[in-house]
Amino acid sequence: MDLSKLSTGDKVIGGSGIALFLFSFLPWFKIEFFGRSVTQSGWHFFFTGIIPVLLGLVCVAWIVATKLAEVELPELPVPEGLLLLALGGAAALLVVLRLLIGGDDGGTDVLDRTIWLFISVL
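What the sequence shown shows, in my numbering, is residues 42 to 163, in sequence order.
In structure tokens:
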């Protein structure tokens, strides 16, 4: 595996996809109620948690397959860079949406966003 085949953009996309995958396991929300604490990770949310992670992993798989494994994929009607931009942008938009919406606190208004959600947005 020769990483010198990757451009700077490929490294950023790959690193971002892997980072989002890892940060999705960490607590994004924390609820403290009567001295007890419960957390929710990115895997508690389908549309704004699991889908962005899968989009990021698709970007990583695309780069690994086309650049490192040199697999010939069928010609697409859009350039590769535009495809990766759209996938990464959609993933980022969904995580930002989760940041703005917040988690499910059952109407108690005691839900706190954790640092890992903010880092996942990056």
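Don't be surprised by glycine CBs; every beta carbon is placed ideally from N, CA and C.
Computed from a predicted model, the values in this text were never measured in an experiment.
| Item | Value |
| --- | --- |
| For residue 129 versus residue 57, is the C-beta spacing smaller than 8 Å? | yes |
| Nearest CA to the CA of residue 178: which residue from 93, 81 and 94? | Here the chain covers residues 42 to 163 and nothing more, so residue 178 does not appear. |
| What does DSSP give as the partner residues of residue 153 in its beta bridges? | 71 |
| Below 8 Å on the Cβ atoms is my contact criterion, and I expect residue 44 with residue 93 to pass it. Report the Cβ-Cβ distance as a whole number of Å. | Incorrect: roughly 25 Å between the Cβ atoms, too far for contact. |
| Buried or exposed: residue 49, going by 16 or more other Cβ atoms within 10 Å of its Cβ? | exposed |
| Quick check on the DSSP output: the beta strand (DSSP E) that includes residue 49 runs from which residue to which? | Taken as a continuous stretch (DSSP letters only), residue 49 belongs to no beta strand (DSSP E), being part of the alpha helix (DSSP H) at 49 to 64. |
| Is residue 79 helix, strand or coil when you go by DSSP? | strand |
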